[in-house]
Structures are given as structure tokens and as C-alpha cells.
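In the working numbering, the protein residues as written are 64 to 386. The beta carbon of each residue, even a glycine, is placed where N, CA and C say it ideally should be. Notes follow once the structure below has been shown.
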């Protein structure tokens, strides 16, 4: 009974994730309000039914969070009386108000070993920061006279990042300050979890230890370009759902853009590589990176994508004789 209720809650939270993901600045259109209201009211009914059942004591916390989310839906769901002029703003504000309830459910489910995707609203500043970070790291890797220099450069950033994380765990006030600083580029779920930037810097340090500039740079290019492009395309035009909130359109956009970025990066690091070898290295990195982005749920994709993409690029580079 305990597992059945928890599993059903997980499926219902995923349904809520899909409904809230549709309420996004990148996807909003004239008929979105009616469709969103219909879906969310249906979810509200399901939540009411599920929480009315008898729950074991071990899952009482999940039931309470689910009931809170249901109450928030009932209280905050925009009515049919709002005008078309302010409908978009009202619905976006509604989604933002539901984020804490959703994140609380996600955290509680994770404690029961049930993993659901995080809410990730469109954030163009974060996407720009993503690309800029990758370009900067690739530029440093290209400019250093010896690969070992990258280790020395990465270590201070790694120490700084994890010091910030430890400080956030030790002090609620410090966590508030840090998240206020990073609010323009942070996702809501990062408030209580390790920041994606920390995982990114951890990946960079791990890659620097390999002292293999070409595959490392390709892996960084795959993440830096593929991830934001996938997010943009998936949120705006994604219709065919795959796993963990990802869409087929977003995944294909990831693969295509990451391949192009990988080819350009391969030529920058090895001008004599040849088109066939460059495409092989870039395609391997982009394909594995896209799969990592699709399947990453328990592991932050800012860690899994560059490591897996660089590994695949290294194997491809070895296979074609450029490593």
C-alpha cells in the first residue's frame, strides 16, 4: 500500500510538472489558458482523491505535501474571469507561486527514492551565461601553454564553489544571500540543492585531470551549446514528450547544435584534423551528451553531460587516430 501510494503520487507529480511546464513565456498562446485550467483542475481532483485515502505513517509527509499542493491549486488557479490582456501575466505568476509546492513534493519523493524532474522555466540570462561559461573555459584551455595549467586554474574555482556550498548548508542566511546573488541565473530547485554551477566546475576539474584538451573542449562545447539550445527549442516547440520533461524536438536540437559546436571546436584545437575526423569526434560527443541530457535525473546534467560527452569524444578521437 505504501509503495503504491508513493508511486501514484510520483505519476501525479509528473503530470503536474507537464501542466506547469506548459505555462511558460516561450510557449504561451491565446488558447493556453483554457487548456491549462482544464488539466490543472483534473489534477486537483486526482490530488483530492489520493489524499482522501488512508496512508501509512511512513508516507504521511508525502500526503501532507500533496494536500498542500492541492490546496494551493484550488486557491491560486486563475479563474475564467481574467481578461485576455492580463491572462499571460496572471498565469506566469500562478506558475511561480506553485513552484515552492512542487519543489517540496519533489524533495519528499526523492527521500522515498522516487525521482521526478525539476521545474525549469525559460531563463535567457541563464542560457547566455551557460554559453559564455563554456566559451570562456574552452578559450582558457586553448590558450594555456600546457594542459597541466588547466588543473592549476580549475582548483581555485573548485574550492570556491564547494566552500560556498558548505556555507549554504551551515547557514540559512548565507544560503539566502548566495541565492539572491545568483537569482537571475538560478533555477528554483537549486535553492535547496547543490547549484548546477558547482557541478559544472567539478566536471571542469575532472576533465582537466585528463590533460587531453581536444576531447575536453568538445565536451564543454556540447554542454555549452547543446543544453541551452535544447531548452529553448524544447520549451517553445517541443510536443513529443520523451523522459524527465524532455522532448524529441529539444533532444534533436541538442544533438544538431552540439555536433556543429563540436566540429568547430575540433578544428580550433587541431586545424589539421580533417572534416571526417572532426565530424566523428563531434558526433560521438554530441550523441552521448544528448543521451546524458535525456536520461540524467539523479545526477545533475552539468556534471554528466561534459564528462560523458568528453569520454565519447576521446574514444572517437582515438578511433580515428587523432588522440
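Checklist entry - Cα-Cα, which of 115, 181, 312 is closest to residue 250? => result Closest by alpha carbon: 181.
Item to check | Beta-carbon gap between residue 111 and residue 165 smaller than 8 Å | outcome: Contact: no.
Next on the checklist: Whole angstroms are fine: how far does the CA of residue 315 sit from the CA of residue 265?
Outcome noted: Distance between the alpha carbons of residue 265 and residue 315: 27 Å.
Checklist entry - Taking buried to mean at least 16 other C-beta atoms within 10 Å of its own C-beta, is residue 108 buried or exposed? => result exposed
Checklist entry - Are residue 217 and residue 271 touching if we call contact CB-CB under 8 Å? => result yes
Item to check | Own chain partners of residue 102 with C-beta closer than 7 Å, once the 5 adjacent residues on each side are dropped | outcome: Cβ within range, chain order: 82.
Next on the checklist: I'd like to check one pair, residue 289 with residue 331: are the Cβ atoms closer than 8 Å?
Outcome noted: Not in contact: residue 331 and residue 289 (Cβ atoms no closer than 8 Å).
Checklist entry - Any chance the stretch 169-184 sits against the stretch 147-154, with 3 or more Cβ pairs inside 8 Å? => result no
Item to check | Buried/exposed call for residue 303, threshold 16 Cβ in 10 Å | outcome: exposed
Next on the checklist: Distance check for residue 328 and residue 66, CA to CA, integer angstroms please.
Outcome noted: 48 Å
Next on the checklist: Looking at the secondary structure, which residues open and close the alpha helix (DSSP H) in which residue 252 lies?
Outcome noted: Taken as a continuous stretch (DSSP letters only), residue 252 belongs to no alpha helix (DSSP H), as it is neither H nor E.
Next on the checklist: So if DSSP puts residue 310 in a beta bridge, which residue, or which two residues, is it bridged to?
Outcome noted: 304
Next on the checklist: Judging by CA-CA distance, which residue of 91, 348, 336, 155 is the nearest neighbour of residue 372?
Outcome noted: 348
Checklist entry - In whole angstroms, what separates the C-alpha of residue 197 from that of residue 248? => result 15 Å
Item to check | Close Cβ partners of residue 346 (< 6 Å) along its chain, the five nearest in sequence each way excluded | outcome: 322
Item to check | Under the three-state DSSP convention, the category residue 146 falls into | outcome: coil
Next on the checklist: Could you tell me the alpha carbon to alpha carbon distance between residue 245 and residue 238, rounded to whole angstroms?
Outcome noted: 11 Å
Next on the checklist: Tell me the DSSP secondary structure of residue 166 in three-state form.
Outcome noted: Of the three classes helix, strand and coil, the one that applies to residue 166 here is helix, per DSSP.
Checklist entry - According to DSSP, is residue 384 helix, strand or coil? => result coil
Checklist entry - Which residues in the same chain have their Cβ closer than 6 Å to the Cβ of residue 368, if we skip the five residues on either side of it in sequence? => result 286, 352, 355, 356
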